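Here's the structure, in structure tokens; my notes come after.
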Amino acid sequence: MASFQASARRLLAASRWARTWSSAPSRYSWARVNSRRPSVGGCRGHRWSGRLYVASACGASLCGCFFVLLKGFKLSGGYNMGAAFLLAGGWFGVAAAMTAVRAWQQRYAAHRAWAIRSYSQVLAPMLYRYWYVAATALFGYRPPREAREYPGGMCDGDTCADYFRPFDMLHAWTYWLSSVLVAELLVHALRRAPPPERALEKPRLRAHLLTGGPADTAPEQGAGCV
311 MASFQASARR
321 LLAASRWART
331 WSSAPSRYSW
341 ARVNSRRPSV
351 GGCRGHRWSG
361 RLYVASACGA
371 SLCGCFFVLL
381 KGFKLSGGYN
391 MGAAFLLAGG
401 WFGVAAAMTA
411 VRAWQQRYAA
421 HRAWAIRSYS
431 QVLAPMLYRY
441 WYVAATALFG
451 YRPPREAREY
461 PGGMCDGDTC
471 ADYFRPFDML
481 HAWTYWLSSV
491 LVAELLVHAL
501 RRAPPPERAL
511 EKPRLRAHLL
521 TGGPADTAPE
531 QGAGCV
């Protein structure tokens, strides 16, 4: 009973992460991305926080890939986990880099799309364990044991037997590919939806709200924060 309650608490925490993930794209508002003035949409903060994020993400990606290569692709789950984690880390770095490239090119719709893809890979490792919590709570599946729980306090060499079960070998891939899939569905849905400022029927009012300038001055096409 106590273990079930612990699993339930972890599942609740996972649902909070899910709510954070689902609400995050709304923060990439078109009003902010398409504003030229820092005072209108916090563009200056957007630029610098974005640069810090991209630098951190690319650095983490390179370090993670280097670690996998240093281990010869052989992690706790063997070569299967090594290949999965290497591709996950590489995709994270590529998505972060493309976020910066599209911003530099002033392609702001593509910039937001790549930011969503990158953000999904930030949450994927966090949710890795929560998928195990859900499997335990719903189906009684035992998650992999830590190295200290094996006889002698170590796994069998560089690998741990629990990670070679069919579900665990598949999960090494699905934990991050599922985030890729959800991110692509979200990008597709946002691509079909018109930007909020298009809903404004009066061009002069739209120009005034976006630029803060005279109401009869139209904003430059493609203007943005970056």
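FYI, the numbering used here numbers position 31 of the sequence shown as 341, with every residue one higher than the one before it. Backbone N, C-alpha and C fix where the C-beta goes; we use that ideal spot for every residue, glycine too. Note that this is a predicted model, so its numbers are computed, not measured.
{"Asked": "Contained alpha helix (DSSP H) runs [length at least 4] in the segment 343-429, N- to C-terminal order", "Found": "348-351, 353-380, 388-414"}
{"Asked": "Segment contact, 8 Å Cβ cut-off, at least three pairs: the segment 361-372 with the segment 438-448", "Found": "no"}
{"Asked": "Neighbourhood of V378 by C-beta distance below 8 Å, restricted to the same chain and skipping five residues each side", "Found": "L385, G392, F395, L396, G399"}
{"Asked": "Supposed contact pair A405 and Q431 - C-beta distance, whole angstroms, cut 8 Å", "Found": "6 Å"}
{"Asked": "Backbone CA spacing between W424 and A413 [nearest angstrom]", "Found": "10 Å"}
{"Asked": "Top-ranked residue by Cα proximity to V497, from Y451, A419, R439", "Found": "A419"}
{"Asked": "Length of the line joining the Cα atoms of A471 and R502", "Found": "46 Å"}
{"Asked": "Residue span of the alpha helix (DSSP H) that contains A482, given as start and end", "Found": "476-502"}
{"Asked": "Span separating the alpha-carbon of A367 from that of S428", "Found": "9 Å"}
{"Asked": "Local Cβ density within 10 Å of R455, reported as buried at 16 or more and exposed below that", "Found": "exposed"}
{"Asked": "C-alpha gap between T469 and Q416, whole angstroms", "Found": "46 Å"}
{"Asked": "Residue of I426, G403, A482 minimising C-alpha distance to Y438", "Found": "A482"}
{"Asked": "C-alpha distance - R475 paired with A499, whole-angstrom precision", "Found": "36 Å"}
{"Asked": "Rounded C-alpha distance that separates Y485 from L380", "Found": "23 Å"}
{"Asked": "Assigned secondary structure, Y451 (DSSP; H/G/I helix, E/B strand, else coil)", "Found": "coil"}
{"Asked": "Reference Y473, options L495, G387, S488, closest by Cα", "Found": "G387"}
{"Asked": "C-alpha gap between L491 and A434, whole angstroms", "Found": "11 Å"}
{"Asked": "Reference Y451; option with closest CA among F477, S371, I426, L487", "Found": "F477"}
{"Asked": "Cut-off 6 Å between Cβ atoms - residues of its own chain near Y442, not counting five sequence neighbours on either side", "Found": "P453"}
{"Asked": "Separation of G382 from F402, as counted between CA atoms", "Found": "20 Å"}
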